[in-house]
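Numbering of the sequence shown is given in the numbering used here, commencing with residue 736 and proceeding in unit increments. Contents: one structure, followed by commentary.
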Amino acid sequence: MDDKEYVGFATLPNQVHRKSVKKGFDFTLMVAGESGLGKSTLVNSLFLTDLYKDRKLLNAEERITQTVEITKHTVDIEEKGVKLKLTIVDTPGFGDAVNNTECWKSVADYIDQQFEQYFRDESGLNRKNIQDNRVHCCLYFISPFGHGLRPLDVEFMKALHEKVNIVPVLAKADTLTPGEVKKKKIKIREEIEQYGIKIYQFPDCDSDEDEDFKQQDHELKESIPFAVIGSNTVVEAKGKRVRGRLYPWGIVEVENPAHCDFVKLRNMLVRTHMQDLKDVTRETHYENYRAQCIQSMTRMVVKERNRKYGSRRRTGEISFSEMKEIWHKKNQDEL
């Protein structure tokens, strides 16, 4: 193309890239599932960090009496000049009690609280430095010792699937044979469909995508639930030092695709679908919450008008500022 015919807007992607890299990225990952399924180890393995070094380990009796807590761990990671603020939201105590009825409720409340805080911030006057603490993805750990999904698994995922991107994970895959892993995956996928659970859906490939990407996308979809192994231990295998687990019968390598789906899960979370997880959170889950808030605010304004003016109430449309005023007043009263 002749320089005289070149306007220059083709450089816009580079400008957006530079601005994004300068600002940095943030990602919030929730991990949920009963104790002993390797959640902490997997998170440390995924991001090559130690987020749980100060954690107090509870004995069996303490775990049974423990209520579900929500804990946050935030770490700043930099790789090749790109900064990522990673927040891990953990749910210790989930599924450990004798009676686990509605133990998912505190998790759902936490997700809603982050939506509410973001809604307040973006509705405020100063929106320049809004922090995004919305949960972008929830890794839900499924026990390898059952025949499929337990009632608690179904209850948890159905309670949260409209609020967050759920990615099911088959924990401790090294306790199963390859044949057992395959059967459990098929069984779990069938039950997810049977119970109407909406897990995170990978976006469809465009027709112009290359064949390698299409194959990778197909393999990811077939891997659900991801059969994973976590390990922070370095062992020697065939003259190489690798992260894995040493058993009397051999070595299980965390990053060996023939042994588990760890690499596929990491690639999906970090290299290929992190932005899509954030987009779905913003465009679907948060927008649903926001629409519910505005509907609730509208009802409150109408109710307040009826109370204040009765049959002589004002006519005309309800302004957003009027809705916000009553909404914030209601929240202050609750506090």
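A virtual CB, placed ideally from N, CA and C, is assigned to each residue, including glycine. All values derive from a computational prediction rather than experimental measurement.
Rounded to a whole number of angstroms, what is the C-alpha to C-alpha distance between K807 and D825? Start at 1 with the first residue of the sequence shown, and residue 807 comes out as number 72. Start at 1 with the first residue of the sequence shown, and residue 825 comes out as number 90. If I take the Cα positions, the gap works out to 6 Å.
The beta strand (DSSP E) spanning T776 covers which residue range? Translated into positions along the sequence shown, residue 776 becomes position 41. First-last for T776: K774 to F782, but that is the alpha helix (DSSP H), not the beta strand (DSSP E).
Exercise. Can you tell which of F876, F760 and I934 has the C-alpha that lies nearest to the C-alpha of G771?
Worked result: Residue mapping note: residue 771 aligns to position 36 of the sequence shown, counting from 1. Considering only alpha carbons, the answer is F876.
ask   = Three-state secondary structure (DSSP) at G768?
value = Locating residue 768 in the sequence shown gives position 33, where the first residue counts as 1. Looking at G768 - three-state DSSP - the assignment turns out to be coil, as it is neither helix nor strand.
In whole angstroms, what is the alpha-carbon distance linking I932 and D888? Within the sequence shown, residue 932 is the residue found at index 197, counting from 1. Within the sequence shown, residue 888 is the residue found at index 153, counting from 1. So the two alpha carbons sit approximately 10 Å from each other.
Under three-state DSSP, which class holds Q801?
Here residue 801 refers to the residue found at position 66 of the sequence shown. With a pLDDT of 48 at Q801, under the threshold of 50, the predicted position of this residue should be treated as unreliable, and no value is reported.
Item to check | Exposed unless 16 or more other CB atoms sit within 10 angstroms - verdict on A906 | outcome: Numbered from 1 along the sequence shown, position 171 holds the residue referred to as residue 906. Classification of A906: buried, given that the 10 Å Cβ count is 16 or more.
Among the candidates N864, D761, N967 and L781, whose CA atom is the shortest distance from the CA of T822?
Against the sequence shown, residue 822 aligns to sequence position 87. Selected option, being the one with the closest Cα: D761.
Compute the beta-carbon to beta-carbon distance between G979 and S966, rounded to the nearest angstrom, for a pair I have assumed lies under 8 Å.
-> By one-based count along the sequence shown, residue 979 stands at place 244. By one-based count along the sequence shown, residue 966 stands at place 231. Their Cβ separation, rounded to whole angstroms, is 6 Å, which keeps G979 and S966 in contact under 8 Å.
**Asked** Should G859 go down as buried or exposed, given a rule of 16 or more other Cβ atoms within 10 Å for buried?
**Response** Translated into positions along the sequence shown, residue 859 becomes position 124. With a threshold of 16 other beta carbon atoms within 10 Å, G859 falls short and is exposed.
Evaluate R1048 with the Cβ neighbour count: other Cβ atoms within 10 Å of its Cβ, from every protein chain shown; 16 or more gives buried, anything less gives exposed. Locating residue 1048 in the sequence shown gives position 313, counting from the first residue. For R1048, the predicted model reports a pLDDT of 49, less than 50, meaning its position is unreliable and no value from the coordinates is stated.
Buried versus exposed call for A993 [16 or more other C-beta atoms within 10 Å across all chains shown]:
For the purposes of this step, residue 993 is identified with residue 258 of the sequence shown, where counting begins at 1. Exposed, because fewer than 16 other Cβ atoms sit within 10 Å of the Cβ of A993.
query = Relative to the alpha-carbon of Q936, which residue among E946, D867, V987 and T1016 has its alpha-carbon at the smallest distance?
reply = Taking the first residue of the sequence shown as position 1, residue 936 is located at position 201. Considering only alpha carbons, the answer is T1016.
*Taking the C-alpha atoms as reference points, what is the distance between T800 and K774?*
For the purposes of this step, residue 800 is taken as the residue at position 65 of the sequence shown. For the purposes of this step, residue 774 is taken as the residue at position 39 of the sequence shown. With a pLDDT of 42 at T800, under the threshold of 50, the modelled position of this residue cannot be trusted, and the question is left open.
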